[in-house]
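**Student:** This structure is in structure tokens; I'll ask about it shortly.
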Amino acid sequence: MIRNTKTEIQLAKPTPGQLAWQDYEIGMFIHFDMNLFMPPGWWHDQYENKPDAKHFNPAKLDADQWMEAAKAMGAKYAVLTANHGTGFMLWQTDAYPYGVRQAAWRNGQGDVVKEFVDACRRHGIAPGIYSHMLVNGWWQVNHPGIVNNGKGGDSERQTQYAKAKFKATEDLWRNYGPLAELWFDGGIPDPALAGFDVMPLLHKYQPNAMVFQSPAATIRWIGNENGQANATCWATVPSVPEAMGWEKQGRTDLLTTGVADGAAWLPGECDVPLRRLQWFSLPGDEHLIESVDTLMGMYRNTVGRNGNLLLNVGPNSDGLIPEADLQRCREFGAEIQRRYGKSVAETSGRGDVVELKLAQPTEIEHVILMEEIAEGERIRAFVVEGNVGGQWQPLCQAESVGHKRIEHFTPRVVSAVRLRVTKAAAEPLIRRMAVFTR
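Written as structure tokens, this is what we have:
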């Protein structure tokens, strides 16, 4: 058994908010924007075809139906794109004239964000908000948050945009109560370039929210949109600024893996659309809905690799989750419960070896391991063994465990299972070890 005693007193540990967030495990992303109402889809750089706000009219919008999809697949939190690439605002604000106030929907009195947040709270789902800070089609803003499609050169227009975006963000974060997560796509603009700084607003109005990207990040992007964390995936990184720089450097491999013994706790979130490569529910794209088997692979390779799965399930232009998508959410959630809802046996413990005796010899084919991550990630390598006919035989082995590890292996009939930690930074603390049949 190898142990780094020096590291034992230096382990990074999660905040209470990070602990709660990692226990959510599954979230539902909800992409909803003006481009749904202008097929085949308007994007942020198509300024000459910018649709009028009046076209926004999801006549059957029902946020409670969205929560039906979230609960069906087992999501504990949801993140709504309050404004995506077009710049259209789904909340009531007079920051600039491109949002629900100018829409035909509910005579300009509707508020999608309010209906979403209220529905989340009715159904026990933690609400989160996505607000794009680097792109805004209405303002002709593009990366890195600069007017003139990102080229700049118009200081007066940049100042106008900065003032409007700051006001819109203040209204969004101030008026809907505590949010579980704030999602920054690609981060936030450099205040020196964009002319505004949203960090003071975050600290004032949403100090307890988990933050995806930005200097205030408490969670990191996993480095892809495929529903894949690495086979070895740590919740720690050297520092938040260094981790935020990995994407700009093209080091998605580091985002996907993290760094063992890192000084900062920054677990990974794995965002992926239910419809393959399609974030919005456009007509005729139902054939892109992923199969249950594919979704289960994503689940094992995200939640089962120490990350959270943020699965996008978007409403259509009526404001409803299409029935085919809703049904797949039901099937996905049911399959998670069928495979992992009831274990053959389980235990907890501490130390380099944790053993689980079964009531009788039973064929098993997968194991779930969880560390007590409140005390940091301690395991650096392990093997799971099964007692077959009185002999211990290896079933699987890997490096990281963290919040949760799901390992599948060739089915074996065993009378006992043991976790043997072969390398650790401190005494292993096992929150759960559970074994399952087919």
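Take 718 as the starting number for the sequence shown in this note's numbering and just add one per residue. Beta carbons are placed, not taken as given, at the ideal position from N, Cα and C, and that holds for glycine. Here the structure is a predicted model, which is why all the values come from computation and not from measurement.
1) Using 9 angstroms as the threshold, is the C-beta distance between Thr949 and Glu1124 below it?
2) Should Gly985 and Gly1024 be called a contact, given that it needs their Cβ atoms to be closer than 9 angstroms?
3) Assign Ser1008 to one of two classes, buried (16 or more other C-beta atoms within 10 Å of its C-beta) or exposed (fewer than that).
4) When the Cα atoms are used, what is the spatial distance from Asp907 to Leu851?
5) Rounded to a whole number of angstroms, what is the C-alpha to C-alpha distance between Ala1062 and Pro733?
6) Using 8 angstroms as the threshold, is the stretch 877–887 in touch with the stretch 831–841, meaning 3 or more CB pairs across them?
7) Mind pulling the beta strand (DSSP E) runs of 3 or more residues that sit fully within the stretch 825–859?
8) So, does the stretch 925–941 touch the stretch 963–976, judging by three or more C-beta pairs under 8 angstroms?
9) Comparing C-alpha positions only, which one of His748, Glu765, Glu1102 and Asn752 sits nearest to Ala780?
10) Out of curiosity, what's the CA-to-CA distance linking Glu1094 and Asp1069?
11) Using the rule of at least 16 other Cβ atoms within 10 Å of the residue's Cβ for burial, across every protein chain shown, is Ser998 buried or exposed?
12) Note the first and the last residue of the continuous alpha helix (DSSP H) segment covering Ala879.
13) Please classify Cys987: does DSSP put it in a helix, a strand, or coil?
14) If I measure Cβ to Cβ from Gln877 and keep anything under 7 angstroms in the same chain, skipping five residues before and after, which residues do I get?
15) How big is the Cα-Cα spacing for Gln809 and Pro1128?
16) Which whole runs of the beta strand (DSSP E) in the stretch 1094–1124 are 3 residues long or more, in chain order?
17) What number of angstroms, rounded off, separates the C-alpha of Arg666 from the C-alpha of Gly894?
18) Report the three-state DSSP secondary structure of Thr722 (helix, strand or coil).
19) For Pro735 and Glu765, what's the separation of their Cα atoms in angstroms?
20) Tell me, please, which residues DSSP counts as bridged to Val1061.
21) Quick check on this structure: which residue in Leu1043, Glu1048 and Gln1044 has the alpha carbon closest to the alpha carbon of Met1013?
22) Shortest alpha-carbon distance to Arg1022 belongs to which of Thr1079, Pro1039 and Ala946?
23) Inspect the beta-carbon positions of Val856 and Lys882 and report whether they are closer than 9 angstroms.
24) With a floor of 3 residues, list each beta strand (DSSP E) that falls wholly inside the stretch 917–966, ordered by position along the chain.
25) Flag this pair as yes or no: are the beta carbons of Thr953 and Ala981 separated by less than 9 angstroms?
26) Are the Cβ atoms of Tyr847 and Trp900 separated by less than 9 angstroms?
27) From Arg838 to Pro844, what distance separates their C-alpha atoms?
28) Taking 7 angstroms as the limit between beta carbons, can you name the residues of its chain near Arg1067, skipping five residues before and five after?
29) Take Gln727 and list the residues in its own chain whose beta-carbon comes closer than 6 angstroms to its own, dropping the five residues that flank it on each side.
30) Rounded to a whole number of angstroms, what is the C-alpha to C-alpha distance between Asn866 and Gly802?
31) Determine the direct distance from the alpha carbon of Met745 to that of Met1087, and round the result to whole angstroms.
32) For Lys1121 and Val1020, which I take to be in contact (beta-carbon distance under 8 angstroms), what is that distance rounded to the nearest angstrom?
**Tutor:** On the basis of the coordinates in this document:
1) For Thr949 and Glu1124, no; Cβs fall outside 9 angstroms.
2) It is a contact, given that the beta carbons lie within the stated cut-off.
3) Its Cβ having fewer than 16 others within 10 Å, Ser1008 is exposed.
4) Rounded to whole angstroms, Asp907 and Leu851 show a C-alpha spacing of 10 angstroms.
5) Rounded to whole angstroms, the gap between the alpha carbons of Ala1062 and Pro733 is 29 angstroms.
6) The answer is no - the stretch 831–841 does not touch the stretch 877–887, with fewer than three Cβ pairs under 8 angstroms.
7) Qualifying beta strand (DSSP E) stretches, in chain order: 843–848.
8) By the Cβ criterion, the stretch 925–941 is in contact with the stretch 963–976, since at least three pairs of Cβ atoms, one from each stretch, lie closer than 8 angstroms.
9) The shortest CA-to-CA distance from Ala780 to any of His748, Glu765, Glu1102 and Asn752 is the one to His748.
10) If you take the alpha carbons of Glu1094 and Asp1069, they lie about 14 angstroms apart.
11) With 16 or more neighbouring CB atoms inside 10 Å of its own CB, Ser998 falls in the buried class.
12) Segment Ser872 to Arg891, the alpha helix (DSSP H) holding Ala879.
13) In the structure shown, Cys987 falls within a strand segment according to DSSP collapsed to helix, strand and coil.
14) Excluding sequence neighbours, Gln877 sits near nothing in its chain.
15) Approximately 56 angstroms, taken between the alpha carbons.
16) Segments of the beta strand (DSSP E) lying fully in the stretch 1094–1124: 1096–1105 and 1108–1115.
17) In this structure the chain extends from 718 to 1155, so residue 666 is not present and cannot be described.
18) Residue placement at Thr722 is poorly supported in this model, since its pLDDT is 49, which falls under 50; the coordinates are not used for a value here.
19) Reading off the sequence, residue 735 comes out as Gln, not Pro. C-alpha separation (whole angstroms): 43 angstroms.
20) Note: Val1061 sits in no beta bridge, so no partner.
21) Taking only the C-alpha atoms, the option nearest Met1013 is Glu1048.
22) When each option's Cα is compared against that of Arg1022, the closest is Ala946.
23) First, the amino acid is wrong: residue 856 is Trp here, not Val. Yes; because the gap between Cβ atoms is below 9 angstroms, this pair is in contact.
24) Here the runs fully enclosed are 927–929.
25) Against a cut-off of 9 angstroms, the Cβ pair of Ala981 and Thr953 comes out as a contact.
26) Result yes, Cβ atoms of Tyr847 and Trp900 sit closer than 9 angstroms.
27) The alpha-carbon atoms of Arg838 and Pro844 are separated by roughly 7 angstroms.
28) Once the five neighbours on either side are set aside, the close Cβ partners of Arg1067 are Glu1144, Pro1145, Leu1146 and Ile1147.
29) Cβ within range, chain order: n/a, list empty.
30) Each residue's alpha carbon lies about 12 angstroms from the other.
31) In a straight line, the C-alpha of Met1087 is about 23 angstroms away from that of Met745.
32) The C-beta separation of Lys1121 from Val1020 comes to about 6 angstroms, placing the pair in contact by the 8 angstroms criterion.
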